[in-house]
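A.B. asks:
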Amino acid sequence: MTAEQTASAPALEAERLGMRFGRSWALRDCSVSLPAGSVIALVGPNGAGKTTLMHLACGLLRPSEGRVRIFGEEADSGSAEALARVGFVAQEHPLYRRMTVAELLRMGQALNPRFDRKLAEMRLDGLGIPLDRRAGALSGGQQAQVSLALALAKRPMLLVLDEPLANLDPVARRDFTRTLMSAVAEDNVTVLLSSHVIADLEAVCDRLVLLNNGTVRLDGAIEDVLAAHRMISGPREAAADMPGVVRAVHSERHSDLLVRTGVEAELHPIWQEHHVGLEELILAYLEQPAVTR
Amino acid sequence: MIRFRLDGRSGVPPYLQLVQQVRQALLLGYLRHGDQLPTVKEVVGGLTINPNTVVKAYRQLENEGIVAAKPGQGTFVTAEVEAVAPADYARLRRSLERWVRDARGAGLDEETVTALITTVWNDVRAEGVA
Numbered sequence: 184m185t186a187e188q189t190a191s192a193p194a195l196e197a198e199r200l201g202m203r204f205g206r207s208w209a210l211r212d213c214s215v216s217l218p219a220g221s222v223i224a225l226v227g228p229n230g231a232g233k234t235t236l237m238h239l240a241c242g243l244l245r246p247s248e249g250r251v252r253i254f255g256e257e258a259d260s261g262s263a264e265a266l267a268r269v270g271f272v273a274q275e276h277p278l279y280r281r282m283t284v285a286e287l288l289r290m291g292q293a294l295n296p297r298f299d300r301k302l303a304e305m306r307l308d309g310l311g312i313p314l315d316r317r318a319g320a321l322s323g324g325q326q327a328q329v330s331l332a333l334a335l336a337k338r339p340m341l342l343v344l345d346e347p348l349a350n351l352d353p354v355a356r357r358d359f360t361r362t363l364m365s366a367v368a369e370d371n372v373t374v375l376l377s378s379h380v381i382a383d384l385e386a387v388c389d390r391l392v393l394l395n396n397g398t399v400r401l402d403g404a405i406e407d408v409l410a411a412h413r414m415i416s417g418p419r420e421a422a423a424d425m426p427g428v429v430r431a432v433h434s435e436r437h438s439d440l441l442v443r444t445g446v447e448a449e450l451h452p453i454w455q456e457h458h459v460g461l462e463e464l465i466l467a468y469l470e471q472p473a474v475t476r
Numbered sequence: 043m044i045r046f047r048l049d050g051r052s053g054v055p056p057y058l059q060l061v062q063q064v065r066q067a068l069l070l071g072y073l074r075h076g077d078q079l080p081t082v083k084e085v086v087g088g089l090t091i092n093p094n095t096v097v098k099a100y101r102q103l104e105n106e107g108i109v110a111a112k113p114g115q116g117t118f119v120t121a122e123v124e125a126v127a128p129a130d131y132a133r134l135r136r137s138l139e140r141w142v143r144d145a146r147g148a149g150l151d152e153e154t155v156t157a158l159i160t161t162v163w164n165d166v167r168a169e170g171v172a
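From first to last, the protein sequence lines stand for chains D and Z.
Heads up, the first sequence is in this note's numbering, so the first residue is 184 and it goes up one at a time.
Heads up, the second sequence is in this note's numbering, so the first residue is 43 and it goes up one at a time.
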């Protein structure tokens, strides 16, 4: 594969991707294409298949069905080149707790061909994290920063982060996100991150993939997704004829509906329209996974 | 240099908030022709925001002819904006004050007043378009 092909290929492309553990499917018929350079939020309830999709993207699992390509190459090819292209920060940012930060960096350098130790040292120094400290003695926020610095020092083209903001206090969360966004600005890395903290996502992510029960429920640029949905309220008898209802809340004579209208749709003036927030939209999809009309 | 803010609850997409803040700063005279906008990296570090959002905002401002990017130097304000003349501003403010007192006297609350202004604004703007 030439460098040019790699540059123009999507960062991640899943085609009817499926993963089965024993008898149950953790992920099924998952087809998404995530453009390079974007910051993608992967959301969904526990057990939706987020971690499975991430592990497949990193080549940690081999798909039961379909395939997933990272910048045009199969994720589970096992080649050193493919592994070097993806950085992964696992849930709870695990580190070898008895090793010092400097030792972790040296190990990273020994294990990864393109590892940029200077860059990692500089970043951690800028955050005031002492390199001679054992990882286990660092605060949760600092441990998260060390994991991120290690993953970024690999110079990955795609960085995958599983619940990076969980268990962090608000200040640590902001600092972590800031480091991550600076890395996107400086290194042009594509980011796929899963999160439960929906409120923090809108300023940080530009694309959304919503998983539920192992399938993709929503996928697109956040702006387009928001523009294609409306929150409307009106008389209950009119609600039955409304197409594209995602979630309906009825009172006696009056209904509130979240509808997928498409961007250009003109609604009958009987409906009062309200703006839909990202959090509201995601929650609506998560609360009523089965309603499609 | 302009400092951006983000309001997570406004419902306005983040990139549009940045665009609006530049437009507003120009109208109010806080930004002038030749002023430099912060670099993408500076905005990202300050706001903890996705750099693609900042790039998108700057591109829109470029398309609107408000700013221009000089390679290797940064993004600069190129628009010449006629700020609202102080006399006009004072006159409009006085007449609005009279109106707001009148509205309060008639029992309108803030929400109703804002809704009324939005409605009238849209009607008048529609006249201009038609």
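Beta carbons: idealized from backbone N, C-alpha and C, even for Gly.
Predicted model only: the values in this text are computed from it and were never measured.
(1) Going by DSSP, what residues sit across from D/Ser377 in a beta bridge?
(2) Please state if the CB of Z/Leu79 and the CB of Z/Tyr100 are separated by a distance shorter than 8 Å.
(3) Beta carbon of D/Leu335, beta carbon of D/Leu375: below 8 Å?
(4) When the Cα of D/Cys388 is compared with those of D/Glu198, D/Leu225, D/Arg206, which residue comes out closest?
(5) Kindly list, in the order they appear in chain D, the residues whose Cβ is closer than 7 Å to that of Z/Val61.
(6) State the DSSP-derived secondary structure class of D/Phe298, mapped to helix, strand or coil.
(7) What residues in the region 351-385 of chain D have a beta carbon less than 8 Å from any beta carbon of chain Z?
(8) Taking only runs of the alpha helix (DSSP H) that begin and end inside the region 285-338 of chain D, which ones reach a length of at least 4 residues, in chain order?
(9) First and last residue of the beta strand (DSSP E) that includes Z/Trp141?
(10) So which of Z/Val109, Z/Leu138, Z/His75, Z/Gly71 has the shortest CA-CA distance to Z/Thr156?
(11) With C-beta atoms as the reference, is D/Arg413 less than 8 Å away from D/Val459?
(12) Could you tell me which residues DSSP puts in a beta bridge with D/Met202?
(13) When you compare the CB positions of D/Gly255 and D/Ala192, do they come within less than 8 Å of one another, or not?
(14) If we call anything under 8 Å between Cβ atoms a contact, is D/Ala285 one with D/Asp315?
(15) Quick one, which of D/Val408, D/Ala293, D/Arg400 has its alpha-carbon nearest D/Ala522's?
(16) With distances taken Cα to Cα, identify the nearest neighbour of D/Glu447 among D/Ala410, D/Gln328, D/Glu264, D/Leu210.
(17) D/Gly427 by DSSP, collapsed to three states: which one?
(18) What is the DSSP secondary structure of D/Thr185, reduced to helix, strand or coil?
(19) Need the endpoints of the beta strand (DSSP E) that D/Met282 sits in, please.
(20) Where D/Ile465 and D/His457 are concerned, what is the direct C-alpha to C-alpha distance, given to the nearest angstrom?
(21) In this structure, how does DSSP classify D/Thr444 when only helix, strand and coil are distinguished?
(22) Using C-beta distances below 8 Å, list every residue in its chain close to D/Ala484, excluding the 5 sequence neighbours before and after it, in chain order.
(23) Under 8 Å, Cβ to Cβ, is there at least one residue of chain Z near D/Gly460?
(24) Thinking C-beta only, is D/Leu461 closer than 8 Å to D/Glu346?
(25) Whose C-alpha, out of D/Glu435, D/Ile415, D/Asn395, D/Ser247, is nearest the C-alpha of D/Val428?
(26) Along the chain, where does the alpha helix (DSSP H) containing Z/Ala103 start, and where does it finish?
(27) Identify the residues that DSSP records as bridge partners of D/Asn395: which are they?
(28) In chain D, which residues lie with their C-beta within 7 Å of the C-beta of Z/Pro55?
(29) Pick out whichever of Z/Gly53, Z/Asn92, Z/Pro56, Z/Arg47 has its Cα sitting closest to the Cα of D/Leu363.
(30) Say whether the region 97-114 of chain Z touches the region 58-65 of chain Z, bearing in mind that this needs 3 or more beta-carbon pairs closer than 8 Å, one atom from each stretch.
(31) Could you pull the DSSP bridge partners for D/Val272 from this structure?
(32) In three-state terms, what does DSSP make of Z/Thr120?
(33) For D/Met237, which three-state DSSP category applies?
(34) Are the C-beta of Z/Gly113 and some C-beta of chain D separated by less than 8 Å?
(35) Apart from the five residues on each side of it in sequence, which residues of its chain come closer than 7 Å, Cβ to Cβ, to D/Asn295?
(36) Should Z/Glu153 be labelled buried (16 or more other beta-carbon atoms within 10 Å of its own) or exposed?
C.D. replies: Let's see:
(1) D/Leu225
(2) yes
(3) no
(4) D/Leu225
(5) Simply none; closest approach about 13 Å.
(6) coil
(7) Arg357, Thr360, Arg361, Met364, Ser365, Val367, Ala368, Glu369, Ala382, Glu385
(8) 300-309, 323-336
(9) Per DSSP, Z/Trp141 belongs to no beta strand (DSSP E); it is in the alpha helix (DSSP H), 128-147.
(10) Z/Leu138
(11) yes
(12) D/Leu210
(13) yes
(14) yes
(15) Chain D is shown only over 184 to 476; residue 522 of chain D falls outside these bounds and no answer can be derived.
(16) D/Ala410
(17) coil
(18) Any reading at D/Thr185 must be qualified, since the residue scores a pLDDT of 49, below 50, and its modelled position is unreliable; the value itself is stated next. If DSSP states are grouped into helix, strand and coil, D/Thr185 belongs with coil.
(19) Per DSSP, D/Met282 belongs to no beta strand (DSSP E) and is neither H nor E.
(20) 16 Å
(21) coil
(22) Within the shown structure, residues of chain D are numbered from 184 to 476, placing residue 484 of chain D beyond reach of any answer.
(23) yes
(24) no
(25) D/Ile415
(26) Checking the displayed sequence, the identity of residue 103 of chain Z turns out to be Leu instead of Ala. Start and end: 93-105.
(27) D/Thr398
(28) Glu406
(29) Z/Asn92
(30) yes
(31) D/Leu344
(32) coil
(33) helix
(34) Sequence inspection shows Pro at residue 113 of chain Z; the Gly mentioned does not correspond to that position. No, because no Cβ of chain D sits closer than 8 Å to the Cβ of Z/Pro113.
(35) Ala267, Lys337
(36) exposed
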